[in-house]
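Heads up, the thing below is written out as structure tokens.
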Amino acid sequence: MDYELEAKAVSEDFRIVSILRSYDSPFGITTKRIATLLGGASIRSITQAMVRLKKSGKVQRVTHTPPARWRLSIPSQNSTAKRKGVKLCEKRF
Numbered sequence: 001m002d003y004e005l006e007a008k009a010v011s012e013d014f015r016i017v018s019i020l021r022s023y024d025s026p027f028g029i030t031t032k033r034i035a036t037l038l039g040g041a042s043i044r045s046i047t048q049a050m051v052r053l054k055k056s057g058k059v060q061r062v063t064h065t066p067p068a069r070w071r072l073s074i075p076s077q078n079s080t081a082k083r084k085g086v087k088l089c090e091k092r093f
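Counting in UniProt numbering, the sequence shown runs from 1 upward without gaps.
Here it is as structure tokens:
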């Protein structure tokens, strides 16, 4: 992968995670809303970024029917994200 493209992807992932932190809700936020908040980014690029973040254990998909809703993962005691040391949002009571 080209370094410029990789840097752009990391920057976009960081912006998406910051949006998910600010819109922390048990019901999640839709892909379309994330694209709107990013200033008109394409839904396809947001979906690709969400798949990357899901594989790393940072986000989880709330719904499995359209429209897709996403939220930050809350790692369980022995989840992959916790073993990898991914810092995630704290569980709110």
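Virtual Cβ for every residue (Gly too), placed ideally from N, Cα, C.
Exposure of residue i, with buried meaning 16 or more beta-carbon neighbours within 10 Å
i   : result
T63 : exposed
T36 : exposed
S42 : exposed
A7  : exposed
First through last residue of the alpha helix (DSSP H) which encompasses residue i
i   : result
V51 : 43-56
L37 : 31-37
Expected contact under 8 Å - CB spacing of residue i and residue j to nearest Å
i   : j   : result
K58 : V17 : 6 Å
T31 : M50 : 7 Å
I46 : I34 : 5 Å
R52 : D13 : 6 Å
Enclosing beta strand (DSSP E) for residue i [first to last residue]
i   : result
V62 : It is not in any beta strand (DSSP E) - V62 carries neither H nor E in the DSSP assignment.
Same chain only: Cβ atoms within 7 Å of residue i, ignoring 5 sequence neighbours per side
i   : result
I25 : Ile is not the amino acid found at residue 25; the sequence shown has Ser there. Counting only Cβ-Cβ distances below 7 Å, and skipping sequence neighbours, we find R71.
Contact set for residue i: own chain, Cβ-Cβ below 8 Å, skip 5 residues either direction
i   : result
I19 : I29, I34, L37, L38
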